[in-house]
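Written below as structure tokens is the structure these notes are about.
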Amino acid sequence: MDKVSSDCPYPGCFFCVMKEGNPSKRRASVLKFFRELPMQDDDGQVLPISGLWNTAMAHPNDPEFIELGIFECMAALIWKGLKNRRWLSHDQNIYIPYYAAHIIGSYTMNMEEFAESAVHAGVIPPLVELLRGKLTWVEQRVAVRALGHLATYASTFPAIASNGEILELSIQLAMSSLEIVYSYFYQYVDRRLSYHCDLLTRGMGGVEMESRKAEEWASQLQCWSLQLINCFAFKHEFLPTICKPEFLIKLPGMWGGLVNENSPAGIGLLRTICHQKLGRGPVASCPGIIDALCNIARSSDDWQYMAIDCLLWLLQDLNTCHKVIDKVVPVLVDLAEITTLGDHKKLGDSIVSVLQECIQSQGSGRSSISSRTKEQIEDILNSKQRLKWEKNMPKEDLHIKQAAALVVKLEGNSLFSSGNISGAASKYSEALALCPMRSRKERVVLYSNRAQCHLLLQQPLAAISDATRALCLHKPVNRHAKSLWRRAQANDMLGLAKESLLDAILFINECSQSNDPDLSLRQNKVPDYAERLVKKQMRAAWLFREAAVKHGGVHSQGDGGDMYGPETDDSEWETASESDIGNDGRDDMGDDDDGDWNNDDDRKDYDKPSIKGIFTTTFLFLCFIFNFHYYVIPLWACYLYFSVHFKVKVRKNRSYQLEIQICKFF
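Note that UniProt numbering gives residue 45 to position 45 of the sequence shown, counting from 1, and the numbers run on in steps of one.
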């Protein structure tokens, strides 16, 4: 440290040391700096610490500072802040424990040898003190991050596990982190600590920016706590501590929010638990967790495949199968035709294989299956067998089946247009039975149309089932816009805010990228009905909602209140299925469908067979008897198709009120 800038007011300044041109002198000076820094009480110590923080963030794999004792220095500084409150409150020293813990976490993020050096330097005890909450939630966040990195390596996990408090503290923090941040920072703007605000926004942005960053950091605090717990969950001896019902039941709701979508959060931990035989029992004993896993498995969640994995493992385990089979099988049947999901190839085949094992185990007397569940499994197995048969059928016969399905589908469209929703649903079911299995596009439309019928009949579970089947058949998976919107409405009817929100957001995204002029967003404007639903669900799925209700930020469960601050619109957002004016949820049918809906006064005699229907059935029957069906059915399908389109066009030109339109452009 011979060369010191004449302009620098601090002797031995870290920044001046780093300018030293001679490498050996520079290393000696840095080594001396790290040894002396914790013993100094001079002003301006936060500046070199913030410089080290920037270096650690930019170059976390650089070994230079590791070899020179940075971990020992950071551990000593954290201890100093914990034990000497007078020093901590002096100048800007309040920032130092945060930066020190963050530096430890950054350097141990990628390199196992760095983590070993950190453990040998004694960083775990001061980090545990921060984890206990000896300072504030801001320091807890970086402490759990650093401990989580140390726990990921096989060589350093024993040092973490030997401290019995870490797992318990992490579980408590995962459950209470959102409430802590809300009550100590978010709720009262005038009580926010200034150094918290500075760390959150780096001096840029006002109250709104602070609130947004606080929500992001609260999510990270929870997700990093779950990541640390996840490291323990791989070890059987820690599962009894983790698998307590009061903690397990909360895991599906710990999803990271939209601000932290890269973390699997609670579902990731549940997957690790379900992967262990010892963990599947407690999970299967909580019906609420099984319901949540089923909902996630039939959603647009990025971690959908993790929920499917959990369900498959629970179903394959003879000790848990009987507890979950009636709930799990209908969900897996809906997903049985999915092809690829993320890195999972031929996921549908894996699902069918597990379902087949269930039937076989029932035959051997090892488990009991209800008749309804057995019927659902047999239906999907028969569908797979039907697909094999169709591969050997002549192309002409497949074309006939496809044309017949089109005729029935158009009849369903006609019934839907006249207001006979249950009749239309039956016709779509009939068309699905006729349609060749490999005609995936046609089946996507039929399932999506039937989902819309279920919506109007107030059958949200059936609507979710059919919309999910359509999304699994579609290529790419989960990208059929109308099915996404219909499932979003059905989830809304069931009060599943997160699932509805994710479907609605993905629907908007698909509309913006669609080449279909009916779906593409005009002038990049989000449709009003979609915006209303997204806003409603963002309120309901808000990370701080539970804490806000508990602490009086929201006055009741049914009222959004003013949780987002004064700029939030307090008007009631009607759902697509509830509104009785304009766009009320009854949208037109599939990609080429023409559904129409007359006023209530015009809905009559739904169950009476129409002359046209009787004539159609008789005509097709005679065609099959006299072997004219090769030529007549396609012509008849074309006739019905243009007939329906013409009638709908005439009705629109006569300014009939189309109550059923949920979308202006559907």
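Backbone N, C-alpha and C fix where the C-beta goes; we use that ideal spot for every residue, glycine too.
- Taking all protein chains shown into account, residue 477 has 16 or more neighbouring C-beta atoms within 10 Å of its C-beta and is therefore buried.
- Annotation: the continuous alpha helix (DSSP H) that includes residue 385 extends over 371-391.
- Looking at the DSSP output, residue 344 bridges to 341.
- Around the beta carbon of residue 389, a 10 Å sphere encloses fewer than 16 other beta carbons of the protein chains shown; the residue is thus reported as exposed.
- Per DSSP, the unbroken alpha helix (DSSP H) holding residue 546 starts and ends at 545-550.
- Contact check for residue 221 against residue 251 fails: the beta carbons are separated by 9 Å or more.
- About 5 Å separates the Cβ atoms of residue 305 and residue 344, confirming a contact at the 8 Å cut-off.
- Restricting attention to 133, 204, 195, 264, the CA atom closest to the CA of residue 170 is found in 133.
- In the structure shown, the three-state DSSP call for residue 41 is coil.
- Shown here for residue 473: same chain residues with a beta carbon closer than 6 Å to its own, the five before and five after excluded, namely 337, 440, 443, 444 in chain order.
- In summary, residue 99 is buried, with 16 or more beta-carbon neighbours lying within 10 Å of its beta-carbon over all protein chains present.
- In terms of Cα proximity to residue 339, the closest of 143, 374, 438 is 438.
- Contact annotation, residue 121 with residue 150: C-beta distance approximately 11 Å; criterion of less than 8 Å not satisfied.
- Counting only the Cα atoms, residue 66 lies some 28 Å from residue 91.
- The segment 99-111 and the segment 48-55 touch, with three or more beta-carbon pairs separated by less than 8 Å.
- Excluding residues up to 5 positions away in sequence, 295, 299, 491 lie with their Cβ nearer than 6 Å to the Cβ of residue 499 in the same chain.
- Residue 242 and residue 453 have their C-alpha atoms spaced approximately 44 Å apart.
- The residues 129, 134, in chain order, have a CB closer than 6 Å to that of residue 82 in the same chain once the five nearest residues on each side in sequence are set aside.
- For residue 19, no alpha helix (DSSP H) run applies, since DSSP gives it neither H nor E.
- A direct Cα-Cα distance of roughly 14 Å separates residue 264 from residue 297.
- Close CB contacts of residue 415 within its chain, under the 7 Å cut and outside five residues either way in sequence, are with 423, 424, 427 (chain order).
- Taking all protein chains shown into account, residue 254 has 16 or more neighbouring C-beta atoms within 10 Å of its C-beta and is therefore buried.
- Leaving aside the five residues that flank residue 504 on each side, the residues in its chain whose CB is nearer than 8 Å to its CB run, in chain order, 484, 485, 488, 530, 533, 534, 537.
- Between the C-alpha atoms of residue 59 and residue 114 there is a straight-line separation of about 13 Å.
- It is roughly 10 Å from the alpha-carbon of residue 463 to the alpha-carbon of residue 449.
- One Cα belongs to residue 404, the other to residue 278, and the distance between them is close to 52 Å.
- In this structure, 231 is the residue among 348, 219, 231 with its C-alpha nearest to the C-alpha of residue 271.
- Under the Cβ criterion (8 Å, minimum of three pairs), the segment 105-112 does not count as touching the segment 190-207.
- Counting of Cβ neighbours within 10 angstroms places residue 466 among the buried residues, the total reaching 16 or more.
- Residue 209 carries a helical assignment under DSSP once its states are collapsed to helix, strand and coil.
- Of the candidates 86, 262, 377, 346, the residue whose Cα lies closest to the Cα of residue 359 is 377.
- Nearest neighbour of residue 451 by Cα position, chosen from 480, 435, 434, turns out to be 480.
- Rounded to the nearest angstrom, the gap between the Cα atoms of residue 350 and residue 381 is 13 Å.
- The Cβ atoms of residue 71 and residue 95 lie no closer than 9 Å to each other.
- Under the DSSP assignment, residue 71 falls in the alpha helix (DSSP H) whose first and last residues are 70-83.
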